[in-house]
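Numbering (my numbering), first residue to last: 4 to 259. For each residue, glycine too, the CB sits at the ideal point set by N, CA and C. Model, not experiment: these values are computed from the prediction. Only one structure is covered here, and it is reproduced in the block below.
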């Protein structure tokens, strides 16, 4: 067993690299539609997938989000977005291995079918029950309500990559009922089920090893960081340590 400390940015990179090993992604990348809905974690995922298909040129993850959580001193709109969205590139839509630049989920959702994949980030997770909660700023429910049309209506696959710093212990439905009540203020919440990918699942996908969350937190740039204990039998354990050490040095997320 060994331990590794991952900052939120390093966790995003780890999750992004692991998603390349996810079985549905591997089978869909050249023959189906993959929609990566804009979000901070999904920016790393888009980078990794676009590298695989040789089309990463022109992609910039630093504005690849709609709603975003920032320190209170940084101004955002009532729906949690930056006042200036002129640099927003759209979602990443990959159709039969080709990045269709400038398109969003809303451009393709009506054409999605079983076997297509939607990748959507989340704002909180209940890891034990494998459920996620997504904060809603848009009065029509935002991208997740559009995504669910294809997930429920067409059986498209929903992947939910989310860092362990977003884990919570309260029942998600109870929280959603609280945030969605008529006398509440601030963002609303929709709870969803899908395939959740945290740093724990990422370790298993990449290396076939088990990870346990054993501690969390820090200062000076390590706020939200997690300590993971890595267990398992691998004749390449030193190689695994080296790979994780490199990932752990991922620079802090920056906004242009």
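C-alpha distance - residue i paired with residue j, whole-angstrom precision
i           : j           : result
residue 12  : residue 34  : 30 Å
residue 3   : residue 110 : Since the first residue shown for the chain is 4 and the last is 259, residue 3 is missing from the structure and cannot be characterised.
residue 189 : residue 81  : 8 Å
residue 63  : residue 6   : 32 Å
residue 198 : residue 162 : 5 Å
residue 168 : residue 204 : 14 Å
residue 228 : residue 219 : 6 Å
residue 46  : residue 241 : 29 Å
residue 15  : residue 182 : 27 Å
Rounded distance between the beta-carbons of residue j and residue i, thought under 8 Å
i           : j           : result
residue 153 : residue 121 : 6 Å
residue 56  : residue 164 : Actually they do not touch by this definition, with Cβ atoms about 18 Å apart.
Element boundaries [beta strand (DSSP E), containing residue i]
i           : result
residue 215 : 213 to 219
residue 43  : No beta strand (DSSP E) contains residue 43, which is instead part of the alpha helix (DSSP H) from 43 to 55.
residue 94  : Unbroken run through residue 94: none, as it is neither H nor E.
Which of helix, strand or coil DSSP assigns to residue i
i           : result
residue 73  : coil
residue 157 : helix
residue 179 : helix
residue 145 : helix
residue 30  : helix
residue 60  : coil
residue 206 : helix
Proximity to residue i [Cα-Cα], best of the options
i           : options             : result
residue 158 : 113, 258 and 209    : 113
residue 73  : 42, 56, 106 and 117 : 42
residue 96  : 89, 29 and 105      : 105
Element boundaries [alpha helix (DSSP H), containing residue i]
i           : result
residue 16  : 11 to 22
residue 240 : 240 to 251
residue 168 : It is not in any alpha helix (DSSP H) - residue 168 carries neither H nor E in the DSSP assignment.
residue 225 : Per DSSP, residue 225 belongs to no alpha helix (DSSP H) and is neither H nor E.
residue 195 : Per DSSP, residue 195 belongs to no alpha helix (DSSP H); it is in the beta strand (DSSP E), 191 to 196.
residue 1   : The first residue shown for the chain is 4 and the last is 259, placing residue 1 beyond what the model contains.
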